[in-house]
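Protein chains: 2
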Amino acid sequence: MAQSPKSGRQRWRRRKAARPAEILDAALASFVERGFAATRLDEVARRAGVTKGTVYLYYRSKQALFRAVVEELVVPEVARAEREVRAFHGTSADLLRKLVHDWWRTVGLSRLRGIPKLMTAESGNFPDLARYFVTHVAQRARRVFAGVLRRGMRDGEFRRCNVEYAVRVLVAPLVFAAIWEGSLAKFDKPYRMQRYLDTHLDMFLNGLSVVPGKDGRR
Amino acid sequence: MAQSPKSGRQRWRRRKAARPAEILDAALASFVERGFAATRLDEVARRAGVTKGTVYLYYRSKQALFRAVVEELVVPEVARAEREVRAFHGTSADLLRKLVHDWWRTVGLSRLRGIPKLMTAESGNFPDLARYFVTHVAQRARRVFAGVLRRGMRDGEFRRCNVEYAVRVLVAPLVFAAIWEGSLAKFDKPYRMQRYLDTHLDMFLNGLSVVPGKDGRR
DNA sequence: CCAATAACTGACCCATCGGTCAGTAATCAA
DNA sequence: TTGATTACTGACCGATGGGTCAGTTATTGG
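First to last, the protein sequences are chains A and B.
So the first sequence is residues 2 to 219, counted in our numbering.
So the second sequence is residues 2 to 219, counted in our numbering.
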């Protein structure tokens, strides 16, 4: 990122190709940490190892930077999840377990953790971006989980229920965990995420199982 | 709130007693809508039917106003929930159902709906207030639900499990629903909250149910 | 080595907004 | 009615930070 201004060394380099990604990373980190309004573009620039002027060479405005973060960093991750599901062979319960844990690994433990918090927090100020996020990320991600639920019902592995609502109940604790971890968790009693996810999966699969008390494995 | 400046009428009234509550209501609405940083004190004042100067007669700073919102409007609601639980007689499952639906009525459908979103969004900028919220609201609210779970286990109504984690899984979809409704829901496919809550309760209580023969802990 | 090019800098502009306070007018006691 | 009190107003200030651009310096092609 930033280069140390050693004596006699050049003060900066031309790195046209690398700048956009570095600026996006810096912006994501700042937005997640402080929120959009409270983020200073000077800070984004500093994090990216450039000055504010350079940020404006690549993005027209602070808002354009926000949109680019979502389009370039978040949407691709959904596409990845869709591919993973298509490639999976096994029971639907196992697929659901894998999906939940993968989700936590690629969202909960990555720089993307703060995205749900950021999007819910700023939805009032940026309705266009919010709408884009709902259709291109939230609904698309729910569809991935819904597909697994339908698969399980078709195979007689899960009992029949309204997928529309079940998927919301399934996803809510995941998204909430991401929001919590990126915000208030540091002031709360620590807890183990794996166990939280397993408890949720346990309850949920139990609730979905054809015979209560038997969730298909174990 | 605001009085229309009809011709010849007086321009404003002295209403010392009513001002603080009206200002708090206005601040809550604005904070929830725009976030703390993006909220203009002129707007809060306008909503409360006063001018900015008056806000500063009752609250020392924007941040003090934020803290007052939490202390005066949110914390009392938790105390109310605690009383309700103590007064209840019936099965633990019924108590849980009542608690969940009551929670939605008094939080999800009220002006307090936006509080979880607000607190998670601003936790990075106001660590002191965040800590206060976690200990005086979040943990205390979880304790209410945890009490019901323990009650059910003691009576043999629920199977034994780790309350610490079960309560988190129980509460997450509720809090998330509040966040979602106050933010991105307006861009999403509409759905019926009652059915969402019932689906969650159904899954959760099913997961907690004592199953003949398979009653053990894990 | 020397232009020519353009990536990058950083000082600057100015609208915005938190916060202040001298003045004004509603209220009340006498 | 009138003077004293004080709740309230609104013009103002200073700091902040998004956005601009003339100038600087790394890079490249000849």
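Heads up, the beta-carbon is just placed ideally off N, CA and C, and yes, glycines get one too.
- Beta-bridge pairing by DSSP links residue 159 (chain A) to A:210.
- Using a CB distance below 7 Å, the part of the stretch 194–206 of chain A facing chain B consists of 196, 197, 200, 201, 203, 204 and 205, ordered along the chain.
- Under the three-state reduction of DSSP, residue 104 (chain B) is assigned to helix.
- In this chain, the alpha helix (DSSP H) harbouring residue 31 (chain A) covers 20–35.
- Secondary structure of residue 124 (chain A) (DSSP, three-state): coil.
- With a threshold of 7 Å between beta carbons, residue 63 (chain B) makes no contact with chain A.
- When only Cα atoms are considered, residue 164 (chain A) and residue 177 (chain B) end up about 19 Å apart.
- In the structure shown, the three-state DSSP call for residue 13 (chain A) is coil.
- In the three-state reduction of the DSSP assignment, residue 153 (chain A) falls in the helix class, which pools H, G and I.
- Taking residue 123 (chain B) as reference, the option from B:37, B:97 and B:55 with the minimal CA-CA separation is B:37.
- Annotation: Cβ neighbours of residue 170 (chain A) in chain B (cutoff 8 Å, chain order): 174, 197, 200, 201 and 204.
- Counting along the chain, the unbroken alpha helix (DSSP H) around residue 87 (chain B) starts and ends at 76–88.
- Nearest Cα to residue 190 (chain B) within the set A:205, A:193, A:209 and A:143: A:143.
- For residue 118 (chain A), at least one C-beta of chain B is nearer than 7 Å to its own C-beta.
- With fewer than 16 other beta carbons inside 10 angstroms of its own, residue 13 (chain B) counts as exposed.
- Looking at the backbone, the Cα of residue 133 (chain A) and that of residue 33 (chain A) are separated by about 18 Å.
- The beta carbon of residue 73 (chain A) sits closer than 7 Å to those of 25, all from its chain and outside the five residues before and after it, given in chain order.
- Using a CB distance below 7 Å, no part of the stretch 9–29 of chain B faces chain A.
- Using a CB distance cut-off of 7 Å, residue 35 (chain B) counts as an interface residue toward chain A.
- Between residue 20 (chain B) and residue 31 (chain B) the beta-carbon gap is near 16 Å, outside 8 Å, which marks them as no contact.
- Check the Cα spacing between residue 80 (chain A) and each of A:98, A:200, A:175 and A:139: the tightest is with A:139.
- Interface flag for residue 57 (chain B) against chain A is unset, since no Cβ pair is found closer than 7 Å.
- Straight-line spacing of the CA atoms in residue 169 (chain B) and residue 52 (chain B) works out to 43 Å.
- At least one CB of chain A lies nearer than 7 Å to the CB of residue 135 (chain B).
- In this structure, residue 76 (chain B) keeps its C-beta atom at 7 Å or more from the C-beta atom of residue 29 (chain B).
- An exposed status is given to residue 65 (chain B), since fewer than 16 other beta-carbon atoms sit within 10 Å of its beta-carbon.
- Look at residue 169 (chain B) here: in three-state DSSP terms it is helix.
- In this structure, residue 135 (chain B) keeps its C-beta atom at 7 Å or more from the C-beta atom of residue 110 (chain A).
- Rounded to the nearest whole angstrom, the CA to CA distance from residue 179 (chain A) to residue 91 (chain A) is 27 Å.
- B:205 is the residue among B:187, B:120, B:194 and B:205 whose C-alpha sits nearest the C-alpha of residue 162 (chain B).
- In this structure, residue 146 (chain A) lies away from residue 209 (chain A), with their beta-carbon atoms at least 7 Å apart.
- Taking a Cβ-Cβ threshold of 8 Å, the residues of chain B close to residue 185 (chain A) are 120, 121, 124, 131, 134, 135 and 139, in chain order.
- Residue 39 (chain B) belongs to the set of residues whose beta carbon lies under 7 Å from a beta carbon in chain A.
- Check the Cα spacing between residue 97 (chain A) and each of A:56, A:17, A:193 and A:171: the tightest is with A:171.
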